[in-house]
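Engineer: Just dropping this structure here.
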Amino acid sequence: MPTQVLIKKATILQPGHSRHLKKSDLLISNGKIAKIAASIKEDVKTIEGKDLYVSAGWMDLRTHLTDPGLEHKDDLQRLCETAAAGGFTAICTLPDSDPSIDSKSGIEYLRNRNSNQLTQILPMGALSVQTKGENLAELYDMHQSGAVAFTDADHMVNSGLLRKALMYTKPFKGLIVSFPMDMSIHHEGQVNESENTVTTGLKLSPALAEYTCVKQQLDIAEYCEAPIHFSGISTKESVNLIKEARKKGQEVTCDVSIFNLCLTDEVAERFDSNLKLMPLLRTDKDRKALIKGLKDGVIDAICSNHHPQNVELKKVEFDYADFGSLSHQSFLPMMLELEKEVGLELLIEKITRGPRSIIGNEEIAIEEGKAATLTVFDSSQDWEYNSKTNKSLSSNSYLLNQTLRGKVVAVCNNNKLNLYS
Amino acid sequence: MPLSTKHLLGIKDITPGDIDLIFKTADNFKQILNRPIKKVPSLRDVTITNVFFENSTRTKISFELAEKRLSADVVNFSSSSSSVKKGETLIDTVNNILAMKVDMVVMRHPAPGACQFLSEHIPAAIINAGDGTHEHPTQALLDAYSIREKLGDVKGKKIVIVGDILHSRVALSNIFCLIKLGAKVRVCGPPTLIPKYIHHLGVEVSYNLRESLEWCDIANMLRIQLERQDDRYFPSLREYSLQYGLTMEILNSLKKEIVVMHPGPINRGVEISSEVADSEQAIILNQVENGVAVRMAVLYLLAGKKLEE
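Protein chains in written order, with my numbering: chain Z, 1269 to 1689; chain L, 7 to 315.
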């Protein structure tokens, strides 16, 4: 790792600052931003590119955890290396490892194994013991140990338990993250119910399963006078419900998966298990509403929903395949597909300032003398996403073996720096 | 003109021209089936395996008979879906069979899309003999062929498909096939058994059996598939039968004589009464007979396509 790096002619993405959208040179020295100027001349390792950008390090709010217990999919080191190659300097992990992260020791395991790394793990703890949805886990103890939020990952939390969790965490301001899905309506659906999927013969799950749950949980959070965060919303109706709740002054935030912004349920016809995703892909009407939600500020963050799965769980009949796809490394190319619809500045905000504000982390400044927590990318660089460049032990991505546009070229955090040439 | 496809995975993927070619080829085979010597050497040296991961009686016999009438070598493999799910993968199972130099695979499987999945991973020609609640293309072909035989043409005919549309691969394949051939299609059944977006396929939806029977030229009464229902979609068979069971009394009260079809096996007294099943208006056994000729045509045309490669 070089101790000094010069980033040449990069457009700085730092909304609200006079430097925003200006092309500058940045000198990184010993983990700090040593100098920012129109032109810097130093005989050090140089990063150059045709369309180079530099922003605060990216944060992901939804990474599935595969260590402990599922290291054959990715151990912590692999998970973090994959995240870093995708531009993420921080990932909030769901507690869905095996066993799940439902105690202080689990949180400490993640914190200790990952201290001062290039990509920092910010663990979410389980809301209920073993995410079984029965009894509250030791939320206070986990909070004290560094859990950034509490969730039962992809499991629905029943109304009674959610009410208890929202009330219980109020004194220490623990954030409750909900994945809204009414399981009795979802009924083990494999794909969204719509005109696009009626021909597949697959079990269908209506958008109703999500938004009826959002509606109910908003009421519960309002009753508890507690904040709530919805993770991975995917329907037009959910966006509208959250918008209305905010208008009333309710403390509610939400994020959306990159897949739901780029894809629709029209892909179901392919029966490609790498496109079997949770939250389910919805219709284009929903996709457009999510885009509008991003622009209107209703949706605070975009998450990767990165979920490594071993080939045995994927190279099977669609019905039998597990949900999930890799997405850290393909995140930037997917996000750039949205550039025209959303605008690059706003997209970057949804993976920097947006997620940090949800979990109460400080905003990262691009200032001389400050620690360098940065993501540097070239928006027009093509690269091959294949078994050589894939950092994960898993290979469950529909984008694998394709040429992708948009490459993360450097990531800097915690006095560590990686270059991806 | 050969078929436009290497496999028969579903009716959705084939053209009206393909269907026409299959029907014309089936006409020839049907003639042969009525001769004293019913066997032809068309598929000599072609090995076909019938891989059935779900129970089947008539479809399996029909395919096997079609294969044998064409002089193909036939191997059968049956397994319950659960043992396959827990143990060997589908690709491994079929590749093991293919290692024994098999040219074509006829497969029934409980998972929708399983045949498409297989076709993407193995080199043999695949014929879908029913994949879960997705498609059952040869059933749709033989149904349409039987309508053509009975009424001269499918185009312009009004067909109502009655019953569990939600869990029926027969319904989906029939809808694709009949619409491709220019028929007017309606589905009828309890609202809990009709997919919400089915009208996007160009079909009408009705919950009223009598009114649908008055409308149609042909009623295709689907079997109530209790084994596909992981949940109760109606309170009891008795109540289903009260609303959607076809009896002689209803049939006789209609203003015109309609044709009654059923893909079998029949639940007598549930979706259709014994009297109706055995009546002159029912063409249920003609469907079974035509099944062999239609399957011979499909096998013959796909084998030809395979040999061309």
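The beta carbon of each residue, even a glycine, is placed where N, CA and C say it ideally should be.
On a predicted model such as this, the values are computed, not experimentally measured, just so you know.
(1) Confirm, please, whether the CB-CB distance from I165 (chain L) to L184 (chain L) is below 9 Å.
(2) Alpha carbon to alpha carbon, how far is R1555 (chain Z) from S1502 (chain Z)?
(3) Less than 9 Å between CB atoms is the rule here; does P129 (chain L) satisfy it with respect to chain Z?
(4) Between I224 (chain L) and I181 (chain L), how many whole angstroms is the CB-CB distance? I'm expecting something under 8 Å.
(5) A146 (chain L) versus chain Z: which residues are under 9 Å apart at the beta carbon?
(6) Straight-line CA distance for T1697 (chain Z) to A1633 (chain Z)?
(7) Are there 16 or more other CB atoms within 10 angstroms of the CB of A1305 (chain Z), so buried, or fewer, so exposed?
(8) When the distance is taken between beta carbons, is I1626 (chain Z) closer than 9 Å to D1540 (chain Z)?
(9) Are three or more beta carbon pairs between the region 18-30 of chain L and the region 50-70 of chain L nearer than 8 Å?
(10) Kindly say whether F182 (chain L), judged by its beta-carbon, lies nearer than 9 Å to any beta-carbon of chain Z.
(11) Per the contact definition of three or more C-beta pairs closer than 8 Å, is the region 167-177 of chain L in contact with the region 38-50 of chain L?
(12) Chain L partners of V1535 (chain Z), CB-CB under 7 Å?
(13) Determine the chain Z residues that contact I204 (chain L) at a beta-carbon separation under 8 Å, and present them in chain order.
(14) Assuming contact is defined by CB atoms lying nearer than 9 Å, are L1486 (chain Z) and V1520 (chain Z) in contact in what I supplied?
(15) Would you verify that the beta carbon of S1502 (chain Z) is, or is not, closer than 9 Å to some beta carbon of chain L?
(16) Measuring only between beta-carbons, confirm whether F1215 (chain Z) sits less than 9 Å from chain L.
(17) Give every residue of the same chain whose Cβ lies closer than 7 Å to the Cβ of A72 (chain L), excluding the five residues on either side of it in the sequence, and list them in chain order.
(18) Run through the DSSP bridge pairs and tell me what F1586 (chain Z) is partnered with.
(19) Mind checking Y1491 (chain Z): buried by the 16 CB within 10 Å criterion, or exposed?
(20) Going by DSSP, name the residue or residues bridged to C1571 (chain Z).
(21) Return the chain-ordered ranges of every beta strand (DSSP E) run that is complete within the region 9-73 of chain L and spans a minimum of 3 residues.
(22) Does the pairing of the region 190-202 of chain L with the region 125-140 of chain L give three or more beta-carbon distances under 8 Å?
(23) For S1462 (chain Z), which residues in chain L fall below 7 Å Cβ to Cβ?
(24) Pick out whichever of Z:G1374, Z:V1579, Z:L1274 and Z:C1530 has its Cα sitting closest to the Cα of G1337 (chain Z).
(25) Between which two residues does the alpha helix (DSSP H) containing N249 (chain L) stretch?
(26) Mark G1457 (chain Z) as exposed unless 16 or more other C-beta atoms lie within 10 angstroms of its C-beta, in which case mark it buried.
(27) What in chain L is Cβ-close to K1554 (chain Z), meaning under 9 Å?
(28) Using the beta-carbon of each residue, which ones in chain Z are nearer than 8 Å to E141 (chain L)?
(29) Out of Z:S1473, Z:L1390 and Z:L1529, point me to the one whose CA is closest to K1563 (chain Z)'s CA.
(30) For F1539 (chain Z), return the contacting residues in chain L, with the cut-off set at a CB-CB distance below 7 Å.
(31) So what's I278 (chain L) in DSSP terms, helix, strand or just coil?
(32) Applying the criterion that 16 or more other CB atoms from any shown protein chain within 10 Å of the CB defines a buried residue, is G162 (chain L) buried or exposed?
(33) Sort L:V294, L:D24 and L:L76 by Cα distance to D149 (chain L) and report the nearest one.
(34) Look at the alpha carbon of V339 (chain L) and the alpha carbon of T139 (chain L), and state the distance between them as a whole number of angstroms.
(35) Mind checking whether the beta-carbon of T1532 (chain Z) lies closer than 8 Å to any heavy atom of the ligand COA?
(36) Starting from the Cα of E1636 (chain Z), find the closest Cα among Z:K1303, Z:K1291, Z:F1440 and Z:L1672 and give me that residue.
Structural biologist: If we stick to the structure as given:
(1) yes
(2) 8 Å
(3) no
(4) About 14 Å separates the two Cβ atoms, so there is no contact after all.
(5) Simply none; closest approach about 13 Å.
(6) As displayed, chain Z neither begins before 1269 nor continues past 1689, which places residue 1697 (chain Z) out of reach and without an answer.
(7) exposed
(8) no
(9) no
(10) yes
(11) no
(12) Correct list: empty, because the minimum Cβ distance to chain L is about 12 Å.
(13) V1466
(14) yes
(15) no
(16) With chain Z covering 1269 to 1689 only, the question about residue 1215 (chain Z) has no answer from this structure.
(17) V298, R301, M302 and L305
(18) Paired residues: none, contrary to the question.
(19) exposed
(20) Z:S1525
(21) 53-58
(22) no
(23) Y203
(24) Z:G1374
(25) It is Gln, not Asn, that sits at residue 249 (chain L) in the sequence shown. From DSSP, the alpha helix (DSSP H) with Q249 (chain L) extends over L243 to Y250.
(26) buried
(27) The identity of residue 1554 (chain Z) in the sequence shown is Asp, whereas the question assumes Lys. Chain L residues near D1554 (chain Z): none, gap ~14 Å exceeds 9 Å.
(28) G1469
(29) Z:L1529
(30) G119, Q122 and F123
(31) strand
(32) exposed
(33) L:V294
(34) Outside the shown range of chain L, which is 7 to 315, sits residue 339 (chain L), and nothing can be said about it.
(35) The ligand content of the structure shown is nil, which means the ligand COA is not present either.
(36) Z:K1303
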